[in-house]
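Numbering (this note's numbering), first residue to last: 1455 to 1741.
Glycine residues also receive a C-beta, built at the ideal position from the N, C-alpha and C atoms.
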Ligand code: NDP
């Protein structure tokens, strides 16, 4: 029998850097026509992780020649005050994309805030119109992490038509949109969740595995079908402070054809796809 080929480690950092360079070139060409693509970032409260995410998004945007308008609001902000800001940003002709950093502090209702966004500025792709269009197979803005996963699958030439794809996790942010995207690409999709009876059995049949759960290394390496492609969305910090994904990486890499590491796989793609959506929004709104 042939010795198994070593898995390709899908380098999300490099793919994201390439996408960010493409976005920067598109933003510069808009600038040459007098249009500065602009992202409004809304951060409510002082959750330290959210502050770090916002800082990273802001830095990456500026590096890609995308202007950023920061709106930092105190944790005591009311639903009505937040709604008023969203309304103002919806009407501001200079703002192309609006990002509301989630989660919002209690008791703010994130769903109501997202529903209030102008779908033409919904660069996070979470508005019901964006998700509805995705379900209809006519996507406008695709949520950023799922979009990043699809780009990584493209990077390794994954043959999706007819492939058996298993998505573990069904959140609106990650699992559900990925399942829709894979279905739109003609994969046969199984969506697994906390009530799935035989997760190992489902994964063992999969040509493509997407893990988006948030449980360290719960997908065991020996569940992976030899030659499968594995995209690990999970970001988990172990007790000793190490970042790991939802997949038992070293063992899975013995069997997979290609696999994303954590960190350095899906993570870097999310911001790059947000910037891509922002420049697309600017182009659509302002030609
Ligand atoms: P959620 O907590 O919203 O969803 C987790 C999903 O996992 C749920 O659908 C849940 O099922 C399912 N699940 C929980 N336990 C099990 C189990 N034992 N077996 C099978 N399924 C299970 O998380 P998110 O979707 O927001 O995020 C998932 C992971 O991705 C997290 O680690 C998060 O940090 C990471 N993430 C990474 C990003 C990146 O940029 N790389 C961006 C966004 C998220 P049920 O619906 O039944 O409860």
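- Contact between the segment 1659-1668 and the segment 1607-1624 is present: three or more C-beta pairs spanning the two stretches fall below 8 Å.
- Looking at the backbone, the Cα of residue 1653 and that of residue 1628 are separated by about 18 Å.
- Within the same chain, Cβ atoms closer than 6 Å to the Cβ of residue 1593 are found at 1587, the five residues on either side in sequence being excluded.
- With fewer than 16 other Cβ atoms inside 10 Å of its own Cβ, residue 1482 counts as exposed.
- In the three-state scheme derived from DSSP, where H, G and I count as helix and E and B as strand, residue 1713 is classed as strand.
- Two segments are said to touch when three or more pairs of C-beta atoms, one from each, lie closer than 8 Å; by this definition the segment 1677-1696 does not touch the segment 1468-1481.
- Runs of the alpha helix (DSSP H) lying entirely within the segment 1600-1658 and spanning at least 4 residues, in chain order: 1629-1638, 1653-1658.
- Taking 4 residues as the shortest admissible run, the segment 1498-1522 contains the following complete alpha helix (DSSP H) segments, listed from N- to C-terminal end: 1502-1517.
- Annotation for residue 1650: 1656 place their beta carbon closer than 7 Å to its own, counting only its chain and skipping 5 residues before and after.
- Taking all protein chains in view, the Cβ of residue 1648 is surrounded by fewer than 16 other Cβ atoms within 10 Å, so the residue is classified as exposed.
- In the DSSP annotation of this structure, the continuous segment of the alpha helix (DSSP H) that includes residue 1466 starts and ends at 1466-1486.
- When the Cα atoms are used, residue 1599 and residue 1634 turn out to be separated by approximately 13 Å.
- In the structure shown, residue 1590 falls within a coil segment according to DSSP collapsed to helix, strand and coil.
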